[in-house]
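Colleague:
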């Protein structure tokens, strides 16, 4: 049995490390959008599959019997392709997704997408934009004349306005680091997305401490019918359990109507999964 781990997240790397001392064969797949990604242990594949059909062929050709979708919470397209491919190839699938953030003090402004975040941020004066390189184009028009600090891992692929400053860096950052950044640049508005987890939470804690306005983009909806685990330990346990499932059992289970989610040991059923 071979397990495919999708994603270049910290959870994906940790899961690969957790499986490295087991009898389970696994490989990791990264999209290749970051120039110098942090690589997990074990075999690594970098690049796309050619959509859901290409991924389904890959699963069949490689005799992969289980997939852990550990991609970023905002990688909706990849997650949708994984769900479709696994259904077509009769492969078990679980989503490893870190819990989302919670606004304990109810001070944050939540928006449904990056366009909404850009509109909300337009009332700010000095804006810290921390939503990633791929979404910068959504902010250029509404924030063209604003003082904007952009922090990204790799240089932007689009031309940014002259009033913007680009800071290249790779986290994690401590709350102390983020507090200094906000003070040094006199930031009054922080724009981010609900990536979740503790490694990137420092900027939110620093913003709350300093009274900086926080705008958060909600997560896109997850594919229907895909069960979820929220920790690397739970994902590892799931892999160990499904390693005992026979291929014939998978084919029989997939004869149920496609609208019925597949039961997956050790995972949260879709209806019970917490909302982001």
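Residue numbers (this note's numbering): 938 to 1213. All residues carry an ideal CB built from backbone N, CA and C; glycine is no exception.
1) In the DSSP output, which residue or residues are listed as bridge partners for residue 1067?
2) Under a three-way DSSP split, which group does residue 1214 fall into?
3) Identify the residues that DSSP records as bridge partners of residue 942: which are they?
4) Is the beta carbon of residue 1061 sitting closer than 7 angstroms to the one on residue 1165?
5) Following the continuous beta strand (DSSP E) through residue 1102, name the residue where it begins and the one where it ends.
6) Write down the C-beta distance between residue 1155 and residue 1048 rounded to the nearest angstrom, noting that I regard them as a contact closer than 8 angstroms.
7) Is it buried or exposed for residue 1130, if we count other Cβ within 10 angstroms and need 16 for buried?
8) Residue 1009: buried (16+ other C-beta within 10 angstroms of its C-beta) or exposed?
9) Can you check which of these residues, 1033, 1128, 1041, is closest to residue 1064 by C-alpha distance?
10) If we call anything under 7 angstroms between Cβ atoms a contact, is residue 957 one with residue 940?
11) What's the call for residue 1113, buried or exposed, on a 16-neighbour Cβ count within 10 Å?
Modeller: Answer, in terms of the structure:
1) 1129
2) Because the chain spans 938 through 1213 in this model, residue 1214 falls outside it and cannot be assessed.
3) 965, 1005
4) no
5) 1101-1105
6) 7 angstroms
7) buried
8) buried
9) 1128
10) no
11) exposed
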